[in-house]
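In this note's numbering, the protein residues as written are 214 to 563.
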């Protein structure tokens, strides 16, 4: 499998996961099941079409910035900061508070070294898988992840969680013979943060017992749903991937059915899964449901080729236009749809 397949698999995996989870975002597992059932998980927001939120946009912006800078950390940091300033001006859907505050700080003149806020949210983790796919070495990955994380989140927990996602995404790319379970076992011993280390150790034990993702979530007291806190989102996404590492449908479906921050958890899980199995493993019917514009799935494929070229040459590559003006119009339409769905949640069944 070539690197292009890994790159596009990561991007599309993030997109279908995001789109599959968006409709249920913020709902408890029980309420989501009552409203939408448990057998109809697929990229679908309205009229049978799936739309993406900030989770996918951050993966695309990170990929774009990597391609524009030849995957060089310091240049990547500056480019990504510029793109985040433009992005926040387009009224993105689903942006988290910490990311919003950091982007506004960038917009009013704070430099990349001072824009981040103290938060352990999952924003950096939702864009870090693509870093793992293209980083030339472990050292380069650590540097890229540090730059990506600290632009918006300065809490060490956010950085460590994002790095673990990136490491998982590059598992098969490295030619590593580790299984997902072995990777998580190593992480449970190496993690710096006590809580992350404990959560991953619990995940390893649950995987060895053959527990389902919902059973694991229940054991962690996430019965109401997984939150956007990185030490919940990352272990949950990794568990869904490790329990179905070659089955994108099962991986994403299990993440969505956990409830809570469903679009982010499913996007992270989908990105890791897609990065490892390649674009061939992303369900074609799910990709066909994505109604993304102006950054269509064809646009994503073009970006993946640009990033593949940049990663191979360690130099900037030509990239497709981000089409910011059209993106603003698209975001306003999607925001209106999301508001309509939010109002629907006020009605039964409860």
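Note that CB positions come from ideal geometry on N, CA and C, so glycine has one too.
Could you tell me if residue i is buried or exposed, where buried requires 16 or more neighbouring beta carbons within 10 angstroms of its beta carbon?
i: residue 434; result: exposed
i: residue 300; result: buried
i: residue 505; result: buried
i: residue 444; result: buried
i: residue 426; result: buried
i: residue 553; result: exposed
i: residue 549; result: exposed
i: residue 546; result: exposed
i: residue 456; result: buried
i: residue 567; result: This structure leaves residue 567 out entirely; the chain is present only between 214 and 563.
i: residue 564; result: Any answer about residue 564 is impossible in this case: the structure gives the chain only from 214 up to 563.
i: residue 531; result: exposed
i: residue 322; result: exposed
i: residue 502; result: buried
i: residue 296; result: buried
i: residue 497; result: exposed
State the CB to CB distance for the pair residue i and residue j, rounded to an integer number of angstroms; the pair is presumed to be in contact (CB under 8 Å).
i: residue 304; j: residue 541; result: 6 Å
i: residue 203; j: residue 472; result: Any question about residue 203 goes unanswered here, given that the chain covers just 214 to 563.
i: residue 360; j: residue 290; result: 4 Å
i: residue 364; j: residue 294; result: 6 Å
i: residue 416; j: residue 452; result: 5 Å
i: residue 353; j: residue 286; result: 7 Å
i: residue 523; j: residue 217; result: In fact, because the Cβ distance is near 12 Å, the residues do not count as touching under 8 Å.
i: residue 376; j: residue 343; result: That belief does not hold up - the Cβ atoms of residue 376 and residue 343 are roughly 13 Å apart, past 8 Å.
i: residue 424; j: residue 404; result: Actually they do not touch by this definition, with Cβ atoms about 21 Å apart.
i: residue 252; j: residue 339; result: Rounded, the Cβ-Cβ distance is 26 Å, inconsistent with contact.
i: residue 529; j: residue 512; result: Incorrect: roughly 19 Å between the Cβ atoms, too far for contact.
i: residue 341; j: residue 378; result: 5 Å
i: residue 508; j: residue 273; result: 6 Å
Taking Cβ positions, are residue i and residue j nearer each other than 7 Å?
i: residue 241; j: residue 441; result: no
i: residue 306; j: residue 266; result: yes
i: residue 346; j: residue 382; result: yes
i: residue 485; j: residue 454; result: yes
i: residue 281; j: residue 292; result: yes
i: residue 328; j: residue 318; result: yes
i: residue 366; j: residue 337; result: yes
i: residue 238; j: residue 475; result: yes
i: residue 298; j: residue 313; result: no
i: residue 254; j: residue 459; result: no
i: residue 420; j: residue 394; result: yes
i: residue 450; j: residue 488; result: no
i: residue 521; j: residue 220; result: yes
i: residue 234; j: residue 469; result: yes
i: residue 330; j: residue 302; result: no
Assuming residue i is part of the alpha helix (DSSP H), what are its boundary residues?
i: residue 558; result: Note, residue 558: premise wrong, no alpha helix (DSSP H); not H, not E.
i: residue 489; result: 475 to 490
i: residue 273; result: 267 to 282
i: residue 222; result: 216 to 235
i: residue 425; result: Residue 425 -> no alpha helix (DSSP H), and no H or E assigned at all.
i: residue 250; result: No alpha helix (DSSP H) holds residue 250; DSSP gives it neither H nor E.
i: residue 292; result: 286 to 301
i: residue 314; result: 310 to 320
i: residue 506; result: Looking at the DSSP string, residue 506 is not in any alpha helix (DSSP H), and its letter there is neither H nor E.
i: residue 565; result: Because the chain is modelled from 214 through 563, residue 565 falls outside the range shown and cannot be assessed.
Inside the segment 430 to 465 only - alpha helix (DSSP H) runs reaching at least 4 residues: 443 to 456
Quick check on the DSSP output: what are the complete alpha helix (DSSP H) runs of length 4 or more inside the segment 326 to 376, in order along the chain? 342 to 347 and 351 to 363
Quick one: complete alpha helix (DSSP H) runs, 4+ long, within the segment 518 to 547? none
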